[in-house]
Structures are given as structure tokens and as C-alpha cells.
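>
Numbering (this note's numbering), first residue to last: 154 to 226.
1. What number of angstroms, rounded off, separates the C-alpha of residue 215 from the C-alpha of residue 195?
2. With the cut-off set at 7 Å, would you say residue 178 and residue 213 are in Cβ contact?
3. Should residue 154 be labelled buried (16 or more other beta-carbon atoms within 10 Å of its own) or exposed?
4. Below 6 Å CB to CB, which residues in the same chain sit around residue 183 once its five sequence neighbours on both sides are set aside?
5. Can you list the beta strand (DSSP E) stretches of 3 or more residues lying completely in the segment 166–201, in chain order?
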């Protein structure tokens with residue numbers, strides 16, 4: 154697994170499913186306050202692989218950037 158991780162991820166749990174053939178991830182998102190599930194043989198949640206593909210990450214990042222720019226100007 155890559156070392157990149159979403160900064161808005163509260164926790165992610167990995168567990169075996171489907172007679173040990175599948176992996177299930179449960180990711181708690183700080184932005185939308187929900188738990189997202191990813192299941193498959195080798196799932197790669199965007200929380201770990203590429204947070205920039207996540208809609209919640211992009212929205213939160215844009216909001217924070219706007220606040221920083223407002224104070225900087």
C-alpha cells in the first residue's frame with residue numbers, strides 16, 4: 154500500500170470477508186461524517202491510493218484554500 158493517505162480520514166478498518174477471499178475496508182470520513190465501504194478481492198479505496206479523486210476531499214480542500222486565500226489577501 155502506498156504511504157499517501159487522505160488527511161480527512163478519521164480511521165480505516167480492514168477485515169476479511171467472503172470466506173477470506175475478499176477484503177473489506179470501512180473508512181470513516183471526517184468531511185461527510187459517514188462510513189464508506191469498499192469490498193473486493195484487492196480493493197484500493199481512494200482514501201489510501203489517491204485522495205484527490207474523492208469528491209469530499211476536493212470540496213474540503215477548495216474550502217480550506219479559499220479561507221487561506223481570504224486571510225492572505
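Even glycine gets a Cβ: it sits at the ideal position worked out from N, Cα and C.
Looking at the coordinates:
1. 30 Å
2. Contact: no.
3. Interpretation of residue 154 is limited by its pLDDT of 45, a score under 50 that renders its predicted location unreliable; the figure taken from the coordinates is listed afterwards. Counting Cβ neighbours within 10 Å, residue 154 comes out exposed, since fewer than 16 surround it.
4. 161, 163
5. 175–182, 188–193
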